[in-house]
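First to last, the sequence lines map onto chains A and B. Residue numbers for the first sequence follow my numbering, so the first one is 38 and each next one is one higher. Residue numbers for the second sequence follow my numbering, so the first one is 32 and each next one is one higher. For every residue, glycine included, the Cβ atom is placed at its ideal position computed from N, Cα and C.
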Amino acid sequence: MADVILSVEHLVKRFGTLTVLDQVSFELHRQEVVVICGPSGSGKSTFIRCLNGLEASDAGTIRFNGSIVTRKTFHDVRQHIGMVFQAFNLFPHLTAIENATISPIKILRRPKAEVMREVTALFEMVGLADKMHSHPHQLSGGQQQRVAIVRALALKPDVMLFDEPTSALDPEMIKSVLDVMRDLAKKGMTMIVVSHEMGFAKEVADRIAFFSQGNFREIKEPRQFFENAEHEDTRRFLGQILHP
Amino acid sequence: MWHWNILKILFVKGFLPTVKLVPIALVLALSVGIVGGSLRVLRVPLLNPILGLYAYVMRGIPTILLMFICYFVVPTGSNPMNAAILALVLSNGAYMMEIVRGGLEAIDRGQHEAAKAVAMNFWQSLRYIILPQAVLLVLPALVGQLVLLVKVTALASVIGYVELTKMALNLNGATMAPLPIFFYSGCFYFVVCHFLKWVADRCERVTKERIMGKAPIHVLA
Chain A
38 MADVILSVEH LVKRFGTLTV LDQVSFELHR QEVVVICGPS GSGKSTFIRC LNGLEASDAG
98 TIRFNGSIVT RKTFHDVRQH IGMVFQAFNL FPHLTAIENA TISPIKILRR PKAEVMREVT
158 ALFEMVGLAD KMHSHPHQLS GGQQQRVAIV RALALKPDVM LFDEPTSALD PEMIKSVLDV
218 MRDLAKKGMT MIVVSHEMGF AKEVADRIAF FSQGNFREIK EPRQFFENAE HEDTRRFLGQ
278 ILHP
Chain B
32 MWHWNILKIL FVKGFLPTVK LVPIALVLAL SVGIVGGSLR VLRVPLLNPI LGLYAYVMRG
92 IPTILLMFIC YFVVPTGSNP MNAAILALVL SNGAYMMEIV RGGLEAIDRG QHEAAKAVAM
152 NFWQSLRYII LPQAVLLVLP ALVGQLVLLV KVTALASVIG YVELTKMALN LNGATMAPLP
212 IFFYSGCFYF VVCHFLKWVA DRCERVTKER IMGKAPIHVL A
């Protein structure tokens, strides 16, 4: 396996007296796809939100590309981490293409023509070349989420984080989004995906993780994960979501 | 029967002095509103409770009392116009501050997070993401406040600033022709308020189209 791009040691996060992340340690390798599943309220979303500083951790270290990330350097690190939200969070006052280009052009100050070319190619890749000039409210949920993926990719990130990207979608929209993510994985993108799409996980993930009560209980390769889960909790959880 | 002389006197000695108050009070009150509202969102330690108290007090006392306070207590040089403007700015500024704050705070938390996630800092996200959306939310309420401001200028009469309402009252005493006097006065207020409303509606439509596209707008509601 290639080198480690993102690592976490003894990460702790509390909300008041509630410990949401309890000494979490984890390593993500380049070009690896990790799918995290687990019951709601287990802290898996909080975990990936900590990885790009949307949530400030209370203890522990996060390393990106070998160097420790602090509150001050999170801003720089975010340019290298793309984030896709459950609720899309597109900017409603901007068109699809403006959503994707505003940061590369206005914030990262890359040359406009180059950004436009790259982003147009990304829209073609996700099958939305004809929707680039639509506003988010003119798009379906699946289309909005694909725009959100393009917006994240426009930063040219090294890592992509997906926080339950298909949970807010109607069933018939889910496939279009998963297809794009599968495509990305095949192209070698490093990804962490919080999701309960076990079919997707089985096919695309290099490792699948079970997260519960504030920590990883189990991280295994897909076949091992489904066939030889060690923890009783994992097996019970899989039994609940893998209804025939 | 049209009482043209009454109309003329009302216009020159009543309407014009009223109009003189409006632009200055309006610009100042809006400034107080925008700056104060933004500061309240930031929750600057010492400043926030002070601004909160200011809004709290202003909402609890009648504007007419504020006129007296500004004229008799605050050293405004016994100039009724300055005192009136100060009172108008103080009270309307407080309301506008709360309107602006409400608009900024109404923007979904996901917008702040998405802006952060695409590497924007606080000021950049305010400028590119939050403010353009907040303006749309806030515009109708601000216009309502603005119309109120125009109507409340009538209270300046109690501290001796002769404007439209005071002039009407004086004329009434001298001519005993209440119907034309008060009818014309009403018309003046009516025209100004609805002119402002009309301008604001147009502004709103243009801004909406420019920042939200031409499709039906119910996303922000």
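Does residue i have its Cβ less than 8 Å from a Cβ in chain A?
{"i": "P211(B)", "result": "no"}
Which one or two residues does DSSP pair with residue i in a beta bridge?
{"i": "F52(A)", "result": "L55(A)"}
{"i": "K257(A)", "result": "I245(A)"}
{"i": "E104(A)", "result": "What sits at residue 104(A) in the sequence shown is Ser, not Glu. F101(A), per the DSSP bridge assignment."}
{"i": "T157(A)", "result": "None, per the DSSP bridge assignment."}
{"i": "H66(A)", "result": "V41(A)"}
{"i": "T184(B)", "result": "Partner(s): none; T184(B) has no beta bridge."}
{"i": "V72(A)", "result": "V230(A), I245(A)"}
{"i": "N252(A)", "result": "S249(A)"}
For a quick check, are the C-beta atoms of residue i and residue j less than 8 Å apart?
{"i": "A148(B)", "j": "M120(A)", "result": "yes"}
{"i": "V214(A)", "j": "T203(A)", "result": "yes"}
{"i": "G68(B)", "j": "R158(B)", "result": "no"}
{"i": "G164(A)", "j": "Q68(A)", "result": "no"}
{"i": "L173(B)", "j": "M127(B)", "result": "yes"}
{"i": "N123(B)", "j": "L180(B)", "result": "yes"}
{"i": "M198(B)", "j": "L38(B)", "result": "no"}
{"i": "K50(A)", "j": "V231(A)", "result": "no"}
{"i": "F199(A)", "j": "M218(A)", "result": "yes"}
{"i": "Q142(B)", "j": "F128(A)", "result": "yes"}
{"i": "M197(A)", "j": "L221(A)", "result": "yes"}
{"i": "A115(B)", "j": "I190(B)", "result": "yes"}
{"i": "S140(A)", "j": "L88(A)", "result": "no"}
{"i": "A238(A)", "j": "E255(A)", "result": "no"}
{"i": "A56(B)", "j": "T94(B)", "result": "no"}
{"i": "T83(A)", "j": "L55(A)", "result": "no"}
{"i": "A145(B)", "j": "F111(A)", "result": "no"}
{"i": "T49(B)", "j": "L200(B)", "result": "no"}
{"i": "A96(A)", "j": "R108(A)", "result": "no"}
{"i": "H233(A)", "j": "F247(A)", "result": "no"}
Check whether chain B comes within 8 Å of residue i, counting only Cβ atoms and requiring the distance to be less than that.
{"i": "P129(A)", "result": "yes"}
{"i": "A124(A)", "result": "yes"}
{"i": "M120(A)", "result": "yes"}
{"i": "M38(A)", "result": "Below a pLDDT of 50, predicted positions are generally treated as unreliable, and M38(A), at 47, falls in that range; the measurement from the model is reported next regardless. No, no contact with chain B."}
{"i": "H112(A)", "result": "yes"}
{"i": "N89(A)", "result": "yes"}
{"i": "R67(A)", "result": "no"}
{"i": "R188(A)", "result": "yes"}
{"i": "Q116(A)", "result": "yes"}
{"i": "L192(A)", "result": "yes"}
Using DSSP with H/G/I as helix, E/B as strand and the rest coil, what is residue i?
{"i": "F111(A)", "result": "helix"}
{"i": "A96(A)", "result": "strand"}
{"i": "V104(B)", "result": "helix"}
{"i": "H249(B)", "result": "Summary for H249(B): the model assigns pLDDT 48, below 50, so the residue's position carries little reliability, and this model does not support an answer."}
{"i": "G175(B)", "result": "helix"}
{"i": "L198(A)", "result": "strand"}
{"i": "Q60(A)", "result": "strand"}
{"i": "P117(A)", "result": "Correcting the residue identity first, residue 117(A) is His in this sequence and not Pro. H117(A): coil per DSSP, three-state reduction."}
{"i": "H260(B)", "result": "There is simply no residue 260(B) to check, as chain B begins at 32 and stops at 252 in what is shown."}
{"i": "E46(A)", "result": "strand"}
{"i": "Y159(B)", "result": "helix"}
{"i": "D139(B)", "result": "coil"}
{"i": "V193(B)", "result": "coil"}
{"i": "D232(B)", "result": "helix"}
{"i": "F99(B)", "result": "helix"}
{"i": "F125(A)", "result": "coil"}
{"i": "D207(A)", "result": "coil"}
{"i": "K44(B)", "result": "helix"}
Using a C-beta to C-beta distance shorter than 9 Å, which residues of chain C count as neighbours of residue i?
{"i": "M169(A)", "result": "Among the protein chains in the structure shown, which are A and B, there is no chain C."}
> Listed in chain order, which residues of the stretch 142 to 174 of chain B have Cβ atoms closer than 7 Å to some Cβ of chain A?
Replying inline: Answer in chain order: Q142, E144, A145, K147, A148, V149, A150, M151, N152, Q155, Y159, I160, P163, Q164.
> For the stretch 137 to 170 of chain A, which residues have a CB atom closer than 8 Å to at least one CB atom of chain B, in sequence order?
Replying inline: I139, S140, K143, I144, L145
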